[in-house]
Structure formats: C-alpha cells, structure tokens
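Sequence order for the protein chains is R and Z. Residue numbering for the first sequence follows the numbering used here, beginning at 1 and increasing consecutively. Residue numbering for the second sequence follows the numbering used here, beginning at 112 and increasing consecutively. Glycine included, every Cβ here is placed at the ideal spot set by N, Cα and C. What you are looking at is a predicted structure, and each value in this text was computed from that prediction instead of being measured.
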Amino acid sequence: DAKTTQPPSMDCAEGRAANLPCNHSTISGNEYVYWYRQIHSQGPQYIIHGLKNNETNEMASLIITEDRKSSTLILPHATLRDTAVYYCIVRVDNYGQNFVFGPGTRLSVLP
Amino acid sequence: SQTIHQWPATLVQPVGSPLSLECTVEGTSNPNLYWYRQAAGRGLQLLFYSVGIGQISSEVPQNLSASRPQDRQFILSSKKLLLSDSGFYLCAWIGQIGNTIYFGEGSWLTVV
C-alpha cells in the first residue's frame with residue numbers, strides 16, 4: 001500500500017502557481033519523497049525528489065516540512081501542459097526498493 | 112544515455128489468445144526491471160520485478176507471467192488472455208544508482 005495521502009483532484013488557473021500537497025505521516029528517517037506525474041496515455045515522468053531539505057529544479061520546487069510528515073510540490077507557473085496526475089511516493093533511496101504508486105492527484109490547469 | 116522501449120504500442124486480442132509484450136533497456140547494465148499495469152481510470156499496479164537474468168518476483172497472483180532472458184530484456188506473457196487483462200502496461204527500470212525509476216512508452220491492451 002502507498003504510504004502517502006493526496007487529494008484526488010485539484011484545479012489551477014493557467015499562469016498561477018500550482019501547490020500539490022502530500023501527507024506522509026509515517027515516513028521513516030531514511031525515506032525520500034519523490035514526485036512523478038503522468039500525462040494521459042504516457043508513462044509517469046520523474047519530477048523531483050528530496051530527503052529533508054527543500055529542492056528546486058527546472059520543473060518544480062519541493063517543500064518538505066521540518067517534521068517531514070508532509071510536503072508540497074510547487075509548479076511556479078502552471079501551463080495547460082501541466083495537466084496530469086501527480087504522484088507522491090516515499091521510498092528508501094536504494095536500488096532494491098520498489099516504487100509504489102497511489103492514486104495521485106489529478107491536476108487540471110484551466111485557461 | 113539510457114533509453115527504454117516497449118512494444119507493441121497497442122494491440123487488440125481475443126479472449127483466450129496468448130500475449131507477449133517486450134521491453135528493452137539500452138545504455139545501462141544490470142538494471143532492476145518492472146512491469147506495471149494501469150486499468151482504465153486507476154492507479155499503477157506493480158505486477159512483476161526482476162533484479163537479474165532469470166530472477167522474477169510476482170507482486171500479485173494473476174493470469175500473467177514474466178521472463179528476463181537477457182540482462183536488458185523483460186517480457187510479459189500470457190497463455191490465455193482474460194477480459195480483465197485489458198489495460199495500459201508499462202515497463203520500467205531502475206539503474207545502479209537507484210534513485211529514479213524510468214518508464215517506457217506503454218502498451219495499450221484491449222481484450223475482446
């Protein structure tokens with residue numbers, strides 16, 4: 001079973017920031033938070049991951065609370081192409097650990 | 112650079128017919144390989160994973176099987192398809208660094 005809880009759906013206006021929350025209250029000290037997204041009829045795409053510090057790359061920012069029990073993925077300027085299902089996953093950063101995907105959040109970016 | 116390919120991209124098969132989906136990874140060695148399935152409107156379900164040639168672990172009992180005849184080749188098979196086998200099948204791999212999973216383009220299977 002997935003170790004995360006996400007809202008099933010969210011809307012965001014084009015050009016605005018999309019803030020996608022994820023709860024992972026049982027996260028262990030050596031588990032990372034990963035974010036992937038899946039555009040319809042494609043395989044999931046890696047976005048970002050982090051352990052405890054906030055992370056930023058060209059796609060998004062990841063904000064992890066100090067107690068690590070929740071996190072937020074931020075898409076700073078959402079576009080229509082960001083409409084997708086976003087998955088939050090917690091996992092030990094180890095070669096042998098599988099990725100378990102929950103239902104995710106369906107983000108709809110509206111014009 | 113590493114790439115992953117799976118085929119066929121789409122197929123329509125009658126109930127009771129066999130199935131073979133193939134997946135290959137290039138640009139890496141000894142990856143962990145995975146087959147996931149996604150039913151319409153549902154999340155991703157892990158079906159099989161493999162840590163090496165001939166080593167297959169099944170996550171759920173089902174009508175499907177997997178094989179890994181070569182280091183970078185992963186095959187999903189069935190002897191007799193069921194209607195419930197319809198879905199979107201995704202092959203994926205994790206490299207030696209182990210911090211990211213990469214997915215193929217996916218294969219749409221419709222069993223009629």
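Is the beta carbon of residue j closer than 8 Å to that of residue i?
i              : j              : result
I215 (chain Z) : P103 (chain R) : What sits at residue 215 (chain Z) in the sequence shown is Gly, not Ile. In this structure, P103 (chain R) does not lie closer than 8 Å to G215 (chain Z) by Cβ.
L110 (chain R) : T72 (chain R)  : no
T105 (chain R) : P44 (chain R)  : no
L192 (chain Z) : V162 (chain Z) : no
R179 (chain Z) : G165 (chain Z) : yes
C202 (chain Z) : Y160 (chain Z) : no
S131 (chain Z) : I167 (chain Z) : no
A150 (chain Z) : G198 (chain Z) : yes
Compare the C-alpha of residue i against each of the options and name the closest.
i              : options                           : result
K52 (chain R)  : R:Q45, R:S61 and R:Y32            : R:Y32
I64 (chain R)  : R:P76, R:I27 and R:N94            : R:I27
L158 (chain Z) : Z:Q117, Z:N210, Z:G206 and Z:Y200 : Z:Y200
I47 (chain R)  : R:L75, R:S25 and R:H40            : R:L75
S140 (chain Z) : Z:G152, Z:Y147 and Z:I115         : Z:I115
V126 (chain Z) : Z:N174, Z:I205 and Z:S218         : Z:N174
E137 (chain Z) : Z:S218, Z:G217 and Z:Q117         : Z:Q117
W219 (chain Z) : R:H77, R:S41, R:K3 and R:V100     : R:S41
T79 (chain R)  : R:M59, R:D93, R:N98 and R:G96     : R:M59
S70 (chain R)  : R:F99, R:A18, R:H24 and R:K3      : R:H24
S108 (chain R) : R:K3, R:T5, R:N98 and R:A18       : R:A18
E119 (chain R) : R:T56, R:H77, R:G50 and R:N57     : Any property of residue 119 (chain R) remains undetermined from this structure, which presents chain R solely from 1 to 111.
V100 (chain R) : Z:R148, Z:G206 and Z:L194         : Z:R148
Could you check if residue i is buried or exposed, using at least 16 other CB atoms within 10 Å of its CB as the buried criterion?
i              : result
A177 (chain Z) : buried
N143 (chain Z) : buried
Q181 (chain Z) : exposed
T4 (chain R)   : buried
D196 (chain Z) : buried
- Counting pairs of beta carbons, one from the stretch 84-104 of chain R and one from the stretch 29-40 of chain R, are three or more of them closer than 8 Å? yes
Decide yes or no for the touch test of the stretch 11-31 of chain R against the stretch 72-86 of chain R: beta carbon pairs closer than 8 Å, at least 3 of them.
-> yes
*asked:* Runs of 3 residues minimum, wholly inside the stretch 126-182 of chain Z: which ones carry the beta strand (DSSP E) assignment?
replied: 130-137, 143-149, 155-163, 166-169 and 176-181
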